[in-house]
Structure formats: C-alpha cells, structure tokens
Amino acid sequence: MIPDEKKPVPWGLPPLRAEVQRRRRAEAEAAAAALPQTSLSTSECEKLGTTDCRITLELNGYRKRSPARERDFMSVRKRLLVFLAGAVMMVGAVLYIRLVMYNPAAIDPSAFSATTLGTNPDTLEVVDKLLHAGFDESNTVAWDRLAEMTDLYGHRMTASSGYSRSAAWVVHTVNTQDANLTAYTEPVRVDEWRRYEESLSLYVPTRDRGQVEVPVLGLGNSVPTSSDGIMADVIPVRSFDELRRLGNATIAGNIVLYNFDYTTYGDVVAFRTRGAVEAEKFGAVAVLVRSITPDSEFASVHTGNSRRAKIPAAAISPADANFMERMYVRAQTKGNGYPRHVAPRVNLKMNSNLVENMAHSVNVIVDLPGTDRAQEIVLLSGHFDSWDVGVGAMDDGAGAFLAWEAARLISKTSRAPRRSIRVVMWSNEETFQRGAKAYFDRHEHEMAQHVFAIESDIGVFAPWGLSVAADKKTVASLRNYGNDLLKILGAGNITSAEVESPGEDIAILCQHGVPCAGFLSVNPENGAVPGQPQWENHYFRYHHASSDRVEAIDKHQLRRSAAALAAWAYLIADL
C-alpha cells in the first residue's frame, strides 16, 4: 500500500494509482534538478589536472560521492622502516646465536694458561682464524667432495676398481684445485676378497611359499659354499661358553647362530671375527652372526671382517636372528601341535673368492710443506677403503676427508706452519691394515721425524676432542690448549687411550714411539661423549651397512670438525 492512501480524501473516487506514481516521479525529478552538482565529469576532472575522479552511486535521482581514498606516502615510509628494523633484528639474532649462544665458551685471553701465554702470538692468530672457519656456513667443501666421489665411484673395497678410481680422483682434485698441497700415492700389496651371489632361505611351512628369503651378507675372508649351498638346522647360542657346553653332540652337522645381546661394539665383535673359527672346532658346517649394531628392531645387515676358517660365515639382521631363535624355542617347547612349530632350517649359498697377497693398492698421501722444520711431520689420517655395501661415507670417507679438509684450511692461511702437515688415507684398514704396515716399512727411517699422528675412524659429528697416547707433558700442554682455545668449538677435551684407542692404522706408529691421538666426536642422537654409555651407538647404526651413505654425514658438523682438527694440527706443527 502507498502511504498517502491512508490520508483522508475528498468525497468522491480516489485518484488512480498510476496518477499518483506519475505525480511523485515528477516531484522527485524537480527536486533533483534543484540540488547542487556533486560530482565532476571525466572531462572536468581532466581539465582540473586531477586523477581523483571517484566512484559515484546513483540514489533516488541524485549522485552521492564515495569517501576519498588518498594515498598515504608516510604510511609506506613507516612500513619500510618497520621492515628494515625487523630485518636488522633477525640478522642480529642470527649473529647472536652464532657468535654467542653457539660457542661453548668465548676465548678469554685473561684466563689463558702459562702454556698458551708462552705460545708465539703469530701462531695463536692463525689458530684463531682456523677455529672461526668452523662457523663459516658457506664452506661445505669437504662434504661436497665426499658426495661427489662416492656418487661417481661408489664403494672402495680394497683392490676394487672403485678404490683405484677414487684414489686417482683425490690425487687429481688436490693437484688441480688445492694450492700449496701436493698429492701422490704409495704402493701397497694386499689380499683381494670378493663376494658374488649370496642367498639364505629359511624354511617356514606355514608361510605361503613354505620359506622366507632372509637378507644375508657374507663376512670378509669367508670361504664359499658349494654351488648347491649348505642345508642344515640352525642352533642359536648366546655366548662362546654356551657353544662349548653344547659341544659336538648338538653342534656337529648344524649351523651355529650367534644371537647375543648387544652392549658395546668391543664386547661383541669377537663373535664376528672368530665365530667361525670357534664353531668349526665342534663340527659346525657354517655360522650365522647377528649384525654388530645396536638396532635390534630393524632388518639391517652389517658385514665385516672375520678370521678365515674352513666353514663359511655370514651376517644376518638382528631381527632375523631373533626370528630364528624364536622358532627354535617354540619347536623345543610346543612340539608338533597345532599349528606345527618346526626348528629353523636354512639353505645358505655363498660365492666368494680370495686372492692372497697378489693385488695392488695404494695409500693416498697429501703433503703441506712446513718452513724451518719441514723435515718433521704431523700426520693426519683416516682410512680410505670401505666395505662393498653402502659407499663408505661414514666409515671412513668422512675421516679421510676430515684430514684432507684440515690440511686445506691450513694451506689457505697466510702463515705456513714450521713442521710439515701430511695427510694419509690408508688402504686395507678393514681387513689386515696392510696400508699402515706398508707406510711404516717405507718410512721407518723417518719415524723419529714423525712428531705426532692423529686418526679419525669412529665417525665425524660435532667435534669433542682427542684421545691421546703421549707423555704427561704433551698431554698437559694439549689439555691447556683445549681449555683455552679449542673450547670455542666444543673440541678442547682430552681423554686417554684407555677410554678410546687412537686408531688401528696409527697403532704401528704409536708402538714405535710416535705420540698419537684419535679425533673424537659427540653422539648426535643423545649428546653422549667418549667414556659414556651409548656414545658410539649412532656410528654403529651405519657401520658396514648399506645405509652408510653420504646422507649419514652432516656437512656443518664435518666443517666444524675439520676446523678443530686444523687448529690442533697447526698448534702441534708450529710449536
């Protein structure tokens, strides 16, 4: 209803609805014409030289201008200032973390020991630069080189083509890219053991195919089986004492499975190295060894060296070792009920070949000459060979490249050390340490000129310090330098050789009077340090396994460790 129709009207008929609408429309148009102009046309805007012609709205015959939206240049400036202030705060936070929070302790000359105070200031200046190189996150040279070599050539089994090509690549890279360093090789005569086809079938009649294919790796130096393999029952034992108690009556004609509880590598490695030799004394036809790793829940198989016996030896995963032992126990306790439990029975096939003392290998050597005492040598090392599973990035490519990178960092300083720095990448550590023996034989007349030797072969993670085998005076001096200087990287700790051996390869040098040390890291999983429980567990998760790839190495930890080793080496070489 139209509102006006509610008003009283004169007597007679009311006006028609259409007439009312026409009248009101005419009144509205007249009112709109009487209003002042409220908007400019586009042409008028252009005449006034303004671009602020705002949107208008049509409403009941007149135009209403929308609110002005002027550009606030001050707000843009303020936003820019706020952005810059935020960026400065972020950069400041990063610098604070790197230069203050990360450092275990800042170098404080006022607290230096007499050892450090009595050191040539020029030496300390270079050491300071080497230590701070550990914080240069743009430097990933060592990791990049390790990744490139292992990607190109794979594993470096002693006497393999991969070893030879990798050694040639290192020599070429040093001599073409690293100024002041010289690389070359020295010959080593080695045994050559090669694995070929291997398989292990476990008979489980309740499975679809009646058997399970178990991942297996022959142990180094093992004899092969016949082409048909060895089919026999599996007898699990947890110790050599249990093996002896069972004796010939139980062991003869069967395969011994060493399924022990992992505590530490040193406690259980004997099952791998001499398990076959012990089992054959009681008539065993082969041995299976639980992999030497703390990962009991995974199907990871780890190989390694063994003493050559007349019976074959192979490794299986901890999970499969537990599986076979459970089968054995159920067969003993549940008999032939339903379902039928059977004792573990396997068919082991291994094809391998050993050529003794006929193959040729090399030690890779990188020299940085010293100045006035260049005939004296500070030796840095890691072994170059690996097993034929994985690519040997952690064991021990990282240790060898750690030594190389330490020498490279020293070579880039403005002041060469007084003594020469020598990097040795050992051949054949994994089996008989023939590389170390060959080096000693070749340089025996120079042993008195080897003033210190350092080896890294227990993983390269965040640096911790050194395990030292030397006289008390040397140990005390190193401890003082560690407390005063190396602590900036967390790498200034000193422990004894009783806690952790300096290394397999430099052992022959230590035995002939050369002061020695092992380069040690912190366990990245739990922060454990040498001497603490589970310190070495992270390393042995990858040790001698297919998981030993370059991804197991943190490029920044490798750089910091190289900086720490460079600082230790320079201090020793320049005294």
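For what it's worth, full-length UniProt numbering labels the leading residue of the sequence shown as 1, then goes sequentially. C-beta atoms are modelled at their ideal positions from N, C-alpha and C, and glycine is treated no differently.
Counting C-beta neighbours from all protein chains within 10 Å, is the total for residue i 16 or more, i.e. buried, or is it exposed?
i, result
"P104", "Legend: pLDDT at P104 = 42, less than 50; position of this residue unreliable, value from coordinates given subsequently. Exposed: under 16 other Cβ atoms inside 10 Å."
"T158", "buried"
"residue 618", "In this structure the chain extends from 1 to 575, so residue 618 is not present and cannot be described."
"T176", "exposed"
"Y163", "buried"
"Y258", "buried"
"G49", "Since pLDDT at G49 reaches only 46, below the 50 mark, its modelled position is unreliable, and the value read off the structure follows with that caveat. So G49 ends up on the exposed side."
"M358", "exposed"
"residue 576", "This structure cannot speak to residue 576, because the chain is shown only from 1 to 575."
"Y184", "exposed"
"N353", "exposed"
"H172", "exposed"
"A453", "buried"
"A448", "exposed"
"D144", "exposed"
"R194", "exposed"
"A406", "buried"
Looking at the strands, I want to know which residues DSSP matches up with residue i.
i, result
"D233", "R345"
"T158", "Looking at the DSSP assignment, T158 forms no beta bridge with any residue, so it has no partner."
"G531", "According to DSSP, G531 bridges with nothing at all."
"A111", "BP columns for A111 are empty, so no partner."
"T495", "S467"
"I377", "S420 and H450"
"M350", "E198"
"G382", "M425"
"D367", "T182 and R422"
"E213", "S201"
"V355", "E192"
"V362", "P187"
"A545", "H302"
Do you know offhand how far residue i's Cα is from residue j's?
i, j, result
"R560", "D441", "34 Å"
"T116", "D484", "7 Å"
"E551", "H538", "14 Å"
"R207", "I251", "27 Å"
"D233", "V285", "10 Å"
"P121", "L575", "11 Å"
"V223", "R307", "10 Å"
"L571", "R189", "35 Å"
"V126", "T371", "15 Å"
"D151", "R434", "26 Å"
"T119", "I107", "15 Å"
"K334", "W169", "60 Å"
"residue 589", "S199", "Given a span of 1 to 575 for the chain in the structure shown, any question on residue 589 remains unanswerable."
"L466", "N336", "58 Å"
"V287", "N526", "34 Å"
"D52", "L81", "Confidence at D52 is low in this model, with a pLDDT of 46, below 50, so the placement of that residue should be treated as unreliable; the coordinate-derived value is given next. So the alpha carbons of these two residues sit roughly 28 Å apart."
"V475", "V468", "7 Å"
"E504", "A517", "11 Å"
"D396", "E242", "35 Å"
"P530", "H543", "18 Å"
"A573", "G134", "20 Å"
"F112", "R479", "12 Å"
"N428", "Q332", "44 Å"
"P524", "D320", "28 Å"
"Y196", "V301", "16 Å"
"V94", "Y265", "With a pLDDT of only 45 at V94, under 50, the local geometry of the prediction cannot be trusted, and no value is derived from it."
"I410", "S381", "15 Å"
Any beta-carbon of chain B closer than 8 Å to the one on residue i?
i, result
"R415", "Reference to chain B is not applicable here, since this structure consists of a single protein chain."
Is residue i near the ligand NAD, judged by its Cβ being under 7 Å from some heavy atom?
i, result
"F298", "Of ligands this structure carries none, so the ligand NAD is not represented either."
Worksheet entry | Inside the segment 284-334 only - alpha helix (DSSP H) runs reaching at least 4 residues | DSSP assignment within the segment 284-334 yields the following whole alpha helix (DSSP H) runs of 4 residues or more, N-terminal first: 318-334.
Discussion item. Tell me whether the segment 395-402 and the segment 448-464 touch, counting them as touching only if at least three CB pairs, one residue from each stretch, are closer than 8 Å.
Written reply: yes
Worksheet item: Is it true that the segment 521-538 meets the segment 440-455, where meeting means three or more beta-carbon pairs spaced less than 8 Å apart?
Response: Judged by Cβ distances under 8 Å, the segment 521-538 makes no contact with the segment 440-455, as fewer than three pairs qualify.
Practice prompt. At 3 residues or longer, and completely inside the segment 180-209: list those beta strand (DSSP E) runs for me, N to C.
Written response: 182-203
Practice prompt. Check whether the segment 243-250 touches the segment 279-298, taking contact to mean three or more Cβ pairs, one atom from each stretch, closer than 8 Å.
Written response: yes
Worksheet entry | Segment contact, 8 Å Cβ cut-off, at least three pairs: the segment 382-393 with the segment 336-348 | no
Worksheet item: Is the segment 494-511 touching the segment 130-139, taking contact as three or more C-beta pairs under 8 Å?
Response: no
Practice prompt. Starting from the N-terminal side, write out each stretch of the alpha helix (DSSP H) that is 4 residues or longer and does not extend beyond the segment 384-415.
Written response: Listed in chain order, they are 398-411.
Discussion item. Just to confirm the assignment: which complete beta strand (DSSP E) runs, minimum length 3, are found wholly within the segment 502-529?
Written reply: 516-522
Practice prompt. Mind listing, in chain order, the continuous alpha helix (DSSP H) runs of no fewer than 4 residues lying wholly within the segment 251-276?
Written response: 265-268
Practice prompt. Let me know the beta strand (DSSP E) ranges lying completely inside the segment 417-474, each 3 residues or longer, listed in chain order.
Written response: 419-426, 450-455 and 462-469
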